[in-house]
Amino acid sequence: VVIRTPFHLFLNTEDVENTSRFAHIFRAVKGLDEQAKHILTVMLEAADPDQSPWGKYLVACPRSFSNGLLLTEDEVAILQGSPALDYLVERREDLRHTYDALFPKLSGAFPRELPPEKCRWEDYSWAAAVIDTRSWATEAGCDVASLVPCCDMLN
595 VVIRTPFHLF LNTEDVENTS RFAHIFRAVK GLDEQAKHIL TVMLEAADPD
645 QSPWGKYLVA CPRSFSNGLL LTEDEVAILQ GSPALDYLVE RREDLRHTYD
695 ALFPKLSGAF PRELPPEKCR WEDYSWAAAV IDTRSWATEA GCDVASLVPC
745 CDMLN
């Protein structure tokens, strides 16, 4: 099966500082890498799914994953002695560091778009897990993979 999806339906970071409905937020936040922009984009769209062109898609995404980011401490302990543990710990620490640098500061500056109850660590790590497990490499003009609504559900 071959499906062609127009680029404007991809959920990624292409030109978010200029064209997205959240451009004012991205212009206010300096120094974000593409991955953090992508996670923040997913969080922003998921925070108000009724107003998001990707709202129905994000609501349909699973709320839990069997992905390393969302493993419990007991599950992580099973990895003791594995090279995967070092990678997982580093990835979680990097994500947590970025999250702590953004929140609650962004929720205070943009409470309508980023209400504190939608910007918990669990929401941030969920958005990262959605991207990790459901994104596709595309030629969409940005340095991170894209979420392609419905196409990922065919995989």
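For the sequence shown, our numbering begins at 595 and goes up steadily by one. Cβ atoms here follow ideal geometry from the backbone N, Cα and C, with glycine treated the same way.
| Item | Value |
| --- | --- |
| Compare the beta carbon distance of Leu-581 and Val-724 with 8 Å and say whether it is the shorter of the two. | One cannot answer for residue 581 here, as it falls past the ends of the chain, which runs 595 to 749. |
| Less than 8 Å between C-beta atoms, sequence neighbours within five positions excluded: which residues of the same chain meet that for Thr-709? | In the sequence as presented, Thr is not what sits at residue 709; that position holds Pro. Around Pro-709: Ala-641 and Ser-701. |
| My parser needs the alpha helix (DSSP H) runs of 4 or more residues fully inside the region 629-697; what are they? | 649-654, 667-671 and 677-696 |
| Which partner residues of Ser-740 appear in the DSSP bridge assignment? | Trp-730 |
| Closer than 8 Å is the cut-off here; do at least three beta carbon pairs connect the region 624-639 with the region 659-671? | no |
| Give the single residue among Leu-603, Leu-664, Gly-625 and Phe-620 whose Cα lies nearest to the Cα of Pro-647. | Leu-603 |
| Counting only the same chain and skipping the five closest in sequence on each side, list residues whose C-beta sits under 8 Å from that of Ala-630. | Thr-692 and Leu-696 |
| Specify the secondary structure class of Leu-603 as computed by DSSP and reduced to three states. | helix |
| Leaving out the 5 sequence neighbours to the left and right, which residues in its chain are closer than 7 Å to Pro-698 when beta-carbon positions are compared? | Pro-710 |
| What did DSSP end up calling Asp-627 once you bin it into helix, strand or coil? | coil |
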